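Residue numbering for the sequence shown is -25 to -1, 1 to 179, as defined by mature numbering (1 follows the signal peptide of the UniProt record, and there is no 0).
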Amino acid sequence: MSAVFTMRRSLCLLCVALWLSGALAKPAKAPQTKGKPASVDDVNVLMYGVLQFSESLHHMYQTTEAKIARILRSIHKTESIVTRLGQDTEEAEQTNSQVKERLNLIKAQMAGLQAQAEQTKGIVIKAAEEGEDLKSKLTNLETNLKISPPNQIRALKEMTLRNSSVLKDLMKLTVEQKQTLENQNEQLAELQRKASLDLNSRPV
């Protein structure tokens, strides 16, 4: 802005100098064919034109400066938005990676539970078969208790103990599976909560 004022002042001084030189200087003898020196009106017109040009230049400078300031503010705002979006994207990718890792772990645990379920199914079937056999033998034993030999009674006792042990193992395995399922349900609930928070925190 100071450069414009300096230019305007210089132009004004130049015009005044031209006017003074035309008004005070003695006309030199010259051939009749040359034109007359500039009049005061001509100088005034020139000065008015210079002032108009200076005003237009000053207005153009102010307008350009305002436009540049608006553009810079817009660029700064855009840079801030891009930076924030980059941070949100990075956080979302990190959250997705954690969710995928947890899901893979749960899938592996589910596969283990499936194998345990198949094993438990076999144990239950075997225990049921032995239980039916034991029940049948106990019924026969009650009927023929007096005539049953000691070795048969001993065999029935061993079968009873074996079935009791199998049932205890089955109960222990069932408790472990129940605990694993509860842990998985808690993990799934936590993943759902994180996914919901991540979805709500993303910009629309």
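Note that CB positions come from ideal geometry on N, CA and C, so glycine has one too. On a predicted model such as this, the values are computed, not experimentally measured, just so you know.
- By the Cβ test, the segment 45 to 65 is not in contact with the segment 129 to 144, since fewer than three Cβ pairs between them sit closer than 8 Å.
- Put simply, the backbone Cα of Gln94 is about 11 Å away from that of Thr149.
- Here Lys147 has no same chain residue with a Cβ atom under 7 Å from its own Cβ, once five neighbours each way along the sequence are excluded.
- In this structure, Arg77 lies away from Leu145, with their beta-carbon atoms at least 8 Å apart.
- Rounded to the nearest angstrom, the Cβ distance from Ile81 to Leu163 is 7 Å, consistent with a contact under 8 Å.
- In the structure shown, Ser14 falls within a coil segment according to DSSP collapsed to helix, strand and coil.
- For a cut-off of 8 Å, the C-beta gap from Gln152 to Gln89 is around 11 Å, too long to register as a contact.
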